[in-house]
Amino acid sequence: MHICGICSEEISELYVVKEMLIGLRETFEYIKCSACGCLQIAKIPPNLSKYYPDDYYSLQVLKKKKSRFLRDYIRKSVALFNIQGKGVVGWILAFLKTPDPIHLVYRRAGLKPSDKLLDVGGGAGAHVLSLLHIGFKNVMSVDPFILKDVFYENTLIAKKSSLFDIREKYDLITFHHSLEHMPDQAKVISKAAELISQGGRILIRIPTVTSVAWEKYKENWVNLDAPRHFYLHSHFSIKLLAKKAGLKVLGLWNDSVSMQFWGSEQYIRDIPLMDARSYSQDKTASIFSDAQILDYQRTAIALNKEEKGDWICVILGK
Ligand SMILES: [Zn+2]
Numbered sequence: 001m002h003i004c005g006i007c008s009e010e011i012s013e014l015y016v017v018k019e020m021l022i023g024l025r026e027t028f029e030y031i032k033c034s035a036c037g038c039l040q041i042a043k044i045p046p047n048l049s050k051y052y053p054d055d056y057y058s059l060q061v062l063k064k065k066k067s068r069f070l071r072d073y074i075r076k077s078v079a080l081f082n083i084q085g086k087g088v089v090g091w092i093l094a095f096l097k098t099p100d101p102i103h104l105v106y107r108r109a110g111l112k113p114s115d116k117l118l119d120v121g122g123g124a125g126a127h128v129l130s131l132l133h134i135g136f137k138n139v140m141s142v143d144p145f146i147l148k149d150v151f152y153e154n155t156l157i158a159k160k161s162s163l164f165d166i167r168e169k170y171d172l173i174t175f176h177h178s179l180e181h182m183p184d185q186a187k188v189i190s191k192a193a194e195l196i197s198q199g200g201r202i203l204i205r206i207p208t209v210t211s212v213a214w215e216k217y218k219e220n221w222v223n224l225d226a227p228r229h230f231y232l233h234s235h236f237s238i239k240l241l242a243k244k245a246g247l248k249v250l251g252l253w254n255d256s257v258s259m260q261f262w263g264s265e266q267y268i269r270d271i272p273l274m275d276a277r278s279y280s281q282d283k284t285a286s287i288f289s290d291a292q293i294l295d296y297q298r299t300a301i302a303l304n305k306e307e308k309g310d311w312i313c314v315i316l317g318k
């Protein structure tokens, strides 16, 4: 018998899940709480670094891009318009470019260019760097697993440090698909709550079991991602976690994408995410037609509207 890491109820529902991102196919036990709905790893493996490939995307050091004035100006104007809903140039140009979905997420989180932002578990600082490029000044990522501090043109963008060593206050604290990798969920959220300024917010982007993808694929659900994801929250359990930390849920919506289907369909056929036949590695060598992928994209959009997609964005505040 196991105890739920979120609501402390006893759990007996067990799943055995294979490592399929790299394709090690080693198995791990996951348990699902019938009280709060949270799916969680039964025991965190001791040697976790083994399950993070050397080129794990979020830990890569970012290379400097060549600056091109006009391209940069357009990108910045459109991004700021999408985040703030302000700016005539950005408004006009926004018709020409599909908005970056992350900018629309920031808009719903109420982010302003003058805000101080901390991205938790942000690897080498990709999210921070993209904000820096469009004029944000007070942005930093914190991640204990990077090799060393990461600078971009003398600005510290990623600090090799734990959230628990941070003392300053922030207007927005973000977890872009990082909270599910962290063992002590209640402690992490309480610490983040402590670090937000008056009127400050926390943005969590995370996979969820309150989804058709989990119901349909279970152990083959690509975003379960054993053993890297320790907690796969339900809508209910993430709200419970927030409540226990004295936080209110100010917004919860879906932003799932087609990968929930093509990735899970590959796992059913024993094709790992990093395999040469994977859609993520080589679209033409994959088992999917363009029409099939388009269908998955449309289904993801429809599920997001019904709040049954497998990724959610949650905004928390006091
Ligand atoms: Zn529970």
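Position one of the sequence shown corresponds to residue 1 (my numbering), numbered consecutively onward.
Backbone N, C-alpha and C define an ideal beta-carbon position, used for all residues, glycine too.
Since the structure is predicted, the reported quantities are computational estimates derived from the model, not experimental observations.
For residue i versus residue j, is the C-beta distance shorter than 8 angstroms?
i      : j      : result
Asp310 : Ser256 : yes
Gly121 : Ile157 : no
Lys160 : Pro183 : no
Leu179 : Ile206 : yes
Ser190 : Ala245 : yes
Lys97  : Val78  : yes
Ile330 : Phe230 : Because the chain spans 1 through 318 in this model, residue 330 falls outside it and cannot be assessed.
Leu247 : Gly317 : yes
Gly200 : Asp171 : yes
Thr299 : Gly37  : no
Arg277 : Ser289 : no
Thr208 : Leu240 : no
My guess is that residue i and residue j are in contact by the Cβ rule of under 8 angstroms, so how many angstroms apart are they, rounded?
i      : j      : result
Ile202 : Ala192 : 5 angstroms
Pro46  : Ile22  : Between Ile22 and Pro46 the Cβ distance is about 17 angstroms, and since that is not below 8 angstroms, they are no contact.
Leu117 : Leu131 : 7 angstroms
Tyr296 : Ser264 : The Cβ separation is near 10 angstroms, so there is no contact.
Can you say whether residue i is buried or exposed, counting buried as having 16 or more other CB atoms within 10 angstroms of its CB?
i      : result
Tyr30  : buried
Val88  : exposed
Leu147 : exposed
Gln40  : buried
Ala109 : buried
Asp270 : exposed
Leu294 : exposed
Phe175 : buried
Gly90  : buried
Ile92  : exposed
Ser49  : exposed
Ile268 : exposed
Gln198 : exposed
Ser237 : buried
Check residue i in the structure and name its three-state DSSP category.
i      : result
Phe236 : helix
Glu26  : coil
His103 : helix
Tyr52  : coil
Asp310 : coil
Phe230 : coil
Met20  : coil
With a CB to CB cut of under 6 angstroms and the five nearest residues on each side skipped, what residues in its chain are close to residue i?
i      : result
Thr27  : Val16 and Lys18
Gly5   : Gln40
Arg25  : Lys18
Asn254 : Asn304, Glu307, Gly309 and Ile312
Asp115 : Asp171 and Leu172
Starting from the C-beta of residue i, find all residues in its chain whose C-beta is less than 8 angstroms away, skip the five residues before and the five after it, and write them out in chain order.
i      : result
Phe151 : Ile157
Tyr73  : none
Ala42  : His2, Leu14, Phe28, Glu29, Tyr30 and Ile31
Return the chain-ordered list of same chain residues with a C-beta closer than 7 angstroms to the C-beta of residue i, the five sequence neighbours on each side being excluded.
i     : result
Glu13 : Ile31, Lys32 and Ser34
Between residue i and ligand 3, is there a pair consisting of the residue's CB and a ligand heavy atom that are separated by less than 7 angstroms?
i     : result
Ser12 : For ligand 3, the structure offers nothing, since it holds only ligand 1.
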